[in-house]
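This report refers to the structure that appears directly beneath it.
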Amino acid sequence: MRFLIVDDSSTMRRIIINTLNKLGHKDCYEAANGREGLERLAAATVDMIITDWNMPEMTGVEFIRAVRASESTRGLPVLMVTTNAAQDDIVEAMRAGVNNYVVKPFTPDTIREKIESALEG
Amino acid sequence: MDIPREIVANLIRATTDVFETMVLKRIDLIDPAKEIPPRAGSQVAATVGFTGHRCGAVVFHAGADVAREIAGALLAMPAAEVNGEMADAIGEVTNMIAGTLRTRMASLEPAWAIAVPTVTIGSDFVTRYATDAARVLCAFDMEGQGIQVELILNRQ
């Protein structure tokens, strides 16, 4: 599987990629914000998006809305990884089109379960 | 102005959760100090401000070597090889502590909005606060090394 990791923190991108590598997923693209994420999606084919919420230029929610609005990417499963875990946050993300939600801090098992769940959904 | 006890308890729990889950290091609370001790050895200070129902900041303090060790643990790389990654890593640790605190407090009161982290690195800086801001400094032992997490609440 090929993943696109969208996060303005290079640390968090690295943590997520390390986690995916541990889970056997070696193909990962990176983007530092939603706008870069859309550029990546236009240039490469991916199987799943993992995105942060709070990012400069284009937030995770704005990015997901753009993904869902595009014919070529609207069916991609999307995981959101964020510290925004209040009930209202989760509702907003789900309305924007997130398939599943990972709250930081997280364990590798949580990421694996959420990926499997997003793929089933 | 006193800081409500449940906020301090949730800050301590949030810090412990982040270290045990993401940094994979055990930390133990030394003293939930009412009398604020000097921040001896603080060379890295990461700040995440918040506003809304409450207004203030969470500040993470560590010495440079400890900060490098935390960054290495977070990034799964030897501490000796950590260099430019340290500021972003400590900012992310602080972001997770503040975000977890926000989430925990959102079950008790309206959710706050939190800002992106700012990281200060150096050995000769002083932080001045609004005179009516309340502060609490939680000191932790991380495998024999000290780290501190400070909560500043401004009067609204």
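Chains as they are written, first to last, in my numbering: chain A, 1431 to 1551; chain B, 320 to 475.
Backbone N, C-alpha and C define an ideal beta-carbon position, used for all residues, glycine too.
Keep in mind that this is a model prediction, so the values were computed, not measured.
- Contact annotation, W1483(A) with T1512(A): C-beta distance approximately 4 Å; criterion of less than 8 Å satisfied.
- Counting only Cβ-Cβ distances below 7 Å, V378(B) has no contacts in chain A at all, with the closest Cβ about 17 Å away.
- Boundaries of the alpha helix (DSSP H) around V385(B): 383 to 394.
- Distance from the CA of I440(B) to the CA of D321(B), rounded to the nearest whole angstrom, comes to 29 Å.
- Annotation for R1432(A): the continuous beta strand (DSSP E) segment containing it runs 1432 to 1436.
- DSSP, read as helix, strand or coil, puts G441(B) in coil.
- Of the other Cβ atoms in all chains shown, 16 or more fall within 10 Å of the Cβ of V1528(A); this residue is therefore buried.
- For the region 1483 to 1495 of chain A, the set of residues with a beta-carbon nearer than 7 Å to any beta-carbon of chain B comprises N1484, in chain order.
- In terms of Cβ geometry, F1433(A) and I1480(A) form a close pair [threshold 7 Å].
- For Q467(B), the closest C-alpha among the options A430(B), M396(B), V363(B) is that of V363(B).
- Around the beta-carbon of V1521(A), fewer than 16 other beta-carbon atoms lie within 10 Å, marking it exposed.
- DSSP places M461(B) in the uninterrupted beta strand (DSSP E) bounded by 453 to 461.
- Here DSSP, grouped into helix, strand and coil, assigns D1457(A) to strand.
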